[in-house]
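Input: a single structure, listed below in structure tokens.
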Amino acid sequence: MLETPPALFLSRHPGPATVLLHGMVMAPCFWETYAPPVCRRGTAVAYPLPGHHPWSLDEAAATLTIDAVLEAYATAIRRDFRGRPVTLIGHSTGAFMALGLAARYPDLVEGLVLMGALSCGGLDGCQPFAMRLLRLPRFGQWTFERLLSHWISTPARFIDGARSCVADPDSPLRQDRDRQAIESVRLALLKSRPAEIATLVRLLSITSLSEELSGITCPALNIVGGRDRVIRPRHQFNIQASMPGMATLLLPEAGHLPMVENPPAVAEAVRSFMNLRFLHRLPASNRAARPASSGPVTANANEKPRDVSAPGFDGFAASAG
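74 is the number that the numbering used here gives to position 13 of the sequence shown; each next residue is one higher, with no gaps.
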């Protein structure tokens, strides 16, 4: 049986209830640096992906299913928020999990923020390198584990991989806080088991939530990096096409890590989105008395932007977002 994921509490205050889910080959500590500031005004919790330290699969690895993973997340939300609905903020594979929770446990989700999202492992028919590698007989698993171990073995190798996930490899990772955050993620990954991460990649490769998207009714915000080389913007806009009520913020010069590359824009979009969620919960008589939002929640992007298609995956770091 799959255990319930442990929680990393980023804040414990009255106010917004937020759950943050990181991407593949990342760690909950990533959000200690990059969680939008509005989340810390309330109670904010970061959960790991299955197989990522400190959530070990152990015996459950042999029979892991997406149903079991989503049920474990739902149990954790009930445990940590006592049934109170939360806003989910998910990046990449974490966004995939957030979509699954919103579709299957709507009573637990009052809002959804996606960054670099995917809804199916096939990514519109183009599977990432890590997924294709694991399908190779005999040596696929062995090679995946060796490549992953090699990549996280030194700070220099890991940060080189992180650069392949951003639009401008030289700019966003110069700051000390970025390097410290990336190193914290690497140290957490060293405590994970590559074989268990491979189990999650394999599960993702055969799983799709695309048919369930139209049933998601909660408000949603889709943050898309126009130069995302890991999850093509085209796929992210296909998610929007299946969820007509979704608002989208396009950051044309960002890649797969918009919260790292353009923190002010992400912070303001999430703040506005969550403030509007708060207003919608107020009685109608109280809403009119409150000041209007300081600006639009997002740039509306109902049409696919031009020149945002990206090439294939660059290196192992970009192999399973």
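The beta-carbon is built from N, C-alpha and C at its ideal position, and this holds for glycine as well.
Cβ-Cβ separation, residue j to residue i (assumed contact under 8 Å), whole Å
i	j	result
Ala326	Met307	Contact doesn't hold; Cβ gap of about 18 Å is too wide.
Ser303	Ser275	5 Å
Gly177	Val291	7 Å
Leu312	Asn299	Contact doesn't hold; Cβ gap of about 18 Å is too wide.
Leu265	Gly182	4 Å
Ala156	Leu175	4 Å
Cys279	Leu110	Not confirmed; about 22 Å, so no contact.
Inter-residue spacing [alpha-carbon to alpha-carbon] between residue i and residue j
i	j	result
Phe158	Pro98	For the sequence presented, residue 158 should be read as Met rather than Phe. Roughly 22 Å separates the two Cα atoms.
Ala135	Leu169	7 Å
Val246	Thr154	16 Å
His341	Glu171	Here the model assigns His341 a pLDDT of 49, short of 50, so the residue's position is not dependable and the matter cannot be decided.
Ala107	Val130	15 Å
His74	Cys100	10 Å
Arg295	Leu179	10 Å
Thr65	Thr204	30 Å
Leu337	Ala330	11 Å
Arg207	Arg332	41 Å
Leu318	Arg199	34 Å
Thr383	Gly103	Because the chain is modelled from 62 through 382, residue 383 falls outside the range shown and cannot be assessed.
Ser117	Cys90	16 Å
His152	Ala223	15 Å
Trp92	Met320	10 Å
Leu248	Pro115	12 Å
Arg238	Arg218	18 Å
Glu120	Gly201	21 Å
His83	Ala123	23 Å
Leu234	Pro216	13 Å
Thr148	Ala88	19 Å
Beta carbon of residue i nearer than 7 Å to that of residue j
i	j	result
Thr260	Gly161	no
Arg263	Leu195	yes
Ile267	Ala163	no
Ile138	Leu81	no
Pro167	Met335	no
Ala133	Leu71	no
Glu314	Ala228	yes
Asp128	Ala68	no
Arg293	Gly316	no
Leu250	Ile213	yes
With 16 other Cβ atoms within 10 Å as the buried cut-off, status of residue i
i	result
Leu197	exposed
Gln297	buried
Ser253	buried
Arg24	Residue 24 cannot be examined here, being either before or after the span of the chain that is shown, 62 to 382.
Gln301	buried
Pro255	buried
Pro305	exposed
Arg165	buried
### Task
Enumerate, from N- to C-terminal direction, the unbroken alpha helix (DSSP H) stretches of 4 or more residues contained entirely within the stretch 303-344.
319-322, 324-342
### Query
Taking the runs of the beta strand (DSSP E) that are 3 residues or longer, which of them lie wholly in the stretch 90-144?
104-108
### Query
Which ranges would you report for the alpha helix (DSSP H) in the stretch 149-198 if only whole runs of at least 4 residues count?
154-165, 190-195
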